[in-house]
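Single-structure report; data block below.
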């Protein structure tokens, strides 16, 4: 099954609920109907796209505004995260549990800890930690050891340009070398932000947002 189908379905459902033509709904989310459909193998006049390659910060925010939800819910519906990203909870009993309710609570607690970690905007620190974690003398050596391009790491360090979801696989490699959960590293690098866990400046119930994302029924 293609990743992100729940996000596609949520936009379709919201369009129907508001009686908004789908093309207009897509425009409000930062896409054309064709460009959005092309991410999911639907009939489209646009060339095929990988969802995470085009799901940038501007579009995440626009989709959240259209759906009336948090950026976090958008990311969950887009299947940005997988269990392997939560390295801090993989060894817990709930990781091996078959209970969706327990999984949701554990995941929500993990993201709550990420939002309280005060790592936002600490890209320079994270990249410097990579040098230490890989026993390297400088960033170039760390890049060689991790197989992450040096120029990419250097640009992440200064935030120009900042990484996006298109860089997710490289971010996962970085997180693995740092022995950190991927979301924590994403927060440090600015790929996800504290605002993703808020609606109109009010902190959301993370578990509720997670469950809403999981409850979307793909038609």
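Numbering (the working numbering), first residue to last: 2 to 220. Virtual Cβ for every residue (Gly too), placed ideally from N, Cα, C. Nothing here was measured: the structure is a model prediction, and the numbers come from that model.
Following the DSSP letters along the chain, one finds residue 55 inside the alpha helix (DSSP H) bounded by residues 52-55.
Between the beta-carbon of residue 105 and that of residue 6 there is about 19 Å, and that puts the pair past the 8 Å contact cut. Classified as exposed, residue 19 has fewer than 16 neighbouring CB atoms from the shown chains inside 10 Å of its CB. Sequence-distant Cβ neighbours of residue 120 in its own chain, meaning closer than 7 Å and more than five residues away, are 185, 188 and 189. As for any alpha helix (DSSP H) of minimum length 4 sitting wholly inside the stretch 123-166, the runs are 124-134, 140-147 and 151-159, ordered along the chain.
Inside the stretch 43-88, DSSP marks whole alpha helix (DSSP H) runs of 4 or more residues at positions 52-55, 58-68 and 72-78, from first to last along the chain. Under DSSP, residue 204 shares a beta bridge with 199. Taking C-beta separations shorter than 6 Å and ignoring five residues to either side along the sequence, the partners of residue 166 in its chain run 53 and 56, following chain order. Distance from the CA of residue 26 to the CA of residue 164, rounded to the nearest whole angstrom, comes to 27 Å. The Cβ atoms of residue 149 and residue 175 lie closer than 9 Å to each other. Using a Cβ-Cβ distance cut-off of 8 Å, the stretch 27-34 and the stretch 55-73 are in contact, since at least three pairs of beta carbons, one from each stretch, lie closer than that value.
By the criterion of a C-beta distance shorter than 8 Å, residue 71 is surrounded in its chain by 65, 197, 198, 199, 200, 205 and 210, once the five residues flanking it on both sides are discounted. DSSP, reduced to helix, strand and coil, places residue 12 within a helical segment of the structure shown. Approximately 21 Å separates the beta-carbon atoms of residue 11 and residue 192; this is outside 8 Å, ruling out the contact. A Cβ-Cβ distance of about 5 Å is found for the pair residue 74 and residue 214, placing them in contact under the 8 Å criterion. A straight-line Cα-Cα distance of about 13 Å links residue 85 and residue 172. In terms of Cβ geometry, residue 159 and residue 125 form a close pair [threshold 9 Å]. The alpha carbon of residue 157 has as its nearest neighbour, out of 39, 127 and 110, the alpha carbon of 127.
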